[in-house]
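Read through the structure below, which is laid out as structure tokens, and then see the notes.
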Amino acid sequence: MIPTNSMDRPRRDDGFTLIELIVVTALLVIMAGVVTSMANRGTEAQEFVRRSTKTTNKTQSIVAKIRDDVASSVRLMYDDSEGVSYLKGCDLTKFPPIATTRLPVIKTTGGFGKDTVGNEFTGNCVAFVKQERTDAFDVSDSFSAAKIHRADIYRIYLYYIHRHSSTHHKKDSDLDLVRWRSVSLVDWKQCETLSNEERKRLFVHLYEGTNPDEPDHPFAPARLVWEQGLSFPSAIRIIESDGATSTPPSGFLIPEGKQRVKSSMLRNVGLGVAPNSAGPTKGIGRFAVVDVDWPNGFEVQVAGPASARQVMMHFSLVSNRGMKINNYVDLAAVAETRDL
């Protein structure tokens with residue numbers, strides 16, 4: 252018998268039931284969620300790799316600049332009475348260093364290695380002197396034969412950790428690496444053999460920054476005289492406008508000189524010095540014995556004789572972009588130089 256009533260047709264002809272629709276919809280939503288989650292994770296992974304590469308490239312560029320600076324130094328400063336006097340005698344008020352700032356202790360024998368309690372050599376600051384130029388000037392009077400005198404001009408450089416009062420994002424590091432450069436310093440030992448009048452003529456020229464060979468391109472004024480081998484402030488004399496010199500007043504600090512580069516090495520490029528909380532897996536305490544706010548992600552060791560100094564600088568830096576997962580870079584560089 253052939254059915255003619257719709258009630259006698261198979262149930263499948265009526266389509267899906269409500270329960271089946273709910274189940275299918277739920278499965279589709281779950282599958283869509285899984286696919287979206289996998290896509291997001293893939294995007295995050297690609298972004299993490301991109302940021303890691305960018306952070307590494309930035310770090311390598313900064314480290315290369317610091318290494319070149321240190322390699323061209325003519326005198327390094329250490330954690331002794333002379334070095335500490337200059338660290339305290341430089342005007343660092345614009346970017347004050349953290350309280351635990353310390354220069355390295357020189358290792359005349361042996362190489363770089365991990366410190367032990369009571370046998371510590373690592374610092375978290377590097378200070379050195381670079382020669383800026385050699386000045387040549389005729390110190391004779393107008394009635395005598397020319398007498399060209401040459402004097403070396405130096406500047407003091409420091410790289411140290413500074414803590415900012417605030418950060419752009421909560422998870423960012425508040426530690427920055429600062430490059431500080433002093434005003435020009437005149438080598439006293441190259442000037443003490445001159446007569447008083449010759450020295451005054453030379454110092455007036457240096458005070459004003461004149462350039463007899465190219466008057467339209469004056470030099471930076473040099474208004475401090477520096478005697479190598481002495482501690483601050485005994486090593487410094489102030490050049491007056493008439494060429495005379497005077498001792499620094501009480502509380503005098505060596506001023507910061509103008510720089511073509513920004514003092515902040517990291518913050519302006521989205522980086523920061525990794526704090527101690529980053530832990531040993533990010534390179535913290537690779538050489539120093541970790542203590543309260545010491546050493547953080549910048550460690551310095553100096554080894555070797557004066558004729559062949561080696562300066563090892565270990566950097567643990569972090570990207571400051573407020574991301575869920577921060578990018579860290581653990582990198583070391585060695586600069587070879589001499590102590591004159």
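Using the numbering used here, read the sequence shown as starting at 252 and increasing by one per residue. Backbone N, C-alpha and C define an ideal beta-carbon position, used for all residues, glycine too. Since the structure is predicted, the reported quantities are computational estimates derived from the model, not experimental observations.
Within its own chain, the residues whose Cβ lies closer than 7 Å to the Cβ of S515, once the five positions on either side in sequence are excluded, are D427 and V429, listed in chain order. Distances from the alpha-carbon of L591 to those of S558, N577 and A584 put S558 closest. Just so you know, the alpha carbons of G502 and A473 end up roughly 20 Å apart.
By the Cβ criterion, the region 320-335 is in contact with the region 350-367, since at least three pairs of Cβ atoms, one from each stretch, lie closer than 8 Å. In the three-state DSSP reduction, A486 falls in the coil class, being neither helix nor strand. If you draw a straight line from the Cα of L568 to the Cα of V551, it is about 15 Å long. Going by beta carbons, I412 and I505 fall outside the 8 Å limit. It is roughly 24 Å from the alpha-carbon of M564 to the alpha-carbon of T344. Secondary structure at I407: strand, using DSSP grouped into helix, strand and coil. For P348, the closest C-alpha among the options R589, V580 and F549 is that of F549.
For the 8 Å CB-CB criterion, A387 and I404 do not form a contact. Close CB contacts of F470 within its chain, under the 7 Å cut and outside five residues either way in sequence, are with G460 and N462 (chain order). Cβ-Cβ separation between F538 and T373: approximately 5 Å, consistent with a contact (criterion under 8 Å). Here H456 carries a helix assignment [DSSP, helix/strand/coil]. Assignment of I357 by DSSP, reduced to helix, strand and coil, places it in the strand class. In the structure shown, the three-state DSSP call for T532 is helix. Residue burial annotation: N447 is exposed, with fewer than 16 other C-beta atoms found within 10 angstroms of its C-beta. In terms of Cβ geometry, P499 and I487 form a close pair [threshold 8 Å]. In the structure shown, T588 adopts extended strand secondary structure according to DSSP, grouped into three states. D467 and D423 have their C-alpha atoms roughly 46 Å apart. Using a Cβ distance threshold of 8 Å, S497 and I489 count as a contacting pair. Rounded to the nearest whole angstrom, the CA to CA distance from A397 to G536 is 59 Å. A Cβ-Cβ separation of about 6 Å places E383 in contact with S435 under the 8 Å criterion. For A350, the three-state secondary structure derived from DSSP is coil.
At a Cβ-Cβ threshold of 8 Å, N578 and G523 do not count as neighbours.
Collapsing the DSSP output to three states places S567 in a strand. In the same chain as H456, and ignoring 5 residues on each side of it, the C-beta atoms closer than 6 Å to its own belong to F388, in chain order. Listed in chain order, the non-local C-beta contacts of F379 below 7 Å within the same chain comprise V321, S324, R326, L327, M328 and Y408, local neighbours out to five positions each way being set aside.
Comparing C-alpha distances from G369 to each of C376, V540 and K440 shows the shortest one belongs to V540. Using a 10 angstroms sphere on the CB of L279, the tally of other CB atoms stays under 16, which defines it as exposed. Across the set V437, E491, R511 and T304, the C-alpha of V437 shows the shortest separation from the C-alpha of A402. Here DSSP, grouped into helix, strand and coil, assigns S515 to strand. Excluding its 5 nearest sequence neighbours in each direction, Y458 has C-beta neighbours in its own chain below 8 Å: P472, A473, R474, I490, E491, S492 and G494, listed in chain order. Under the three-state reduction of DSSP output, K381 falls in the strand class. One Cα belongs to D425, the other to G361, and the distance between them is close to 35 Å.
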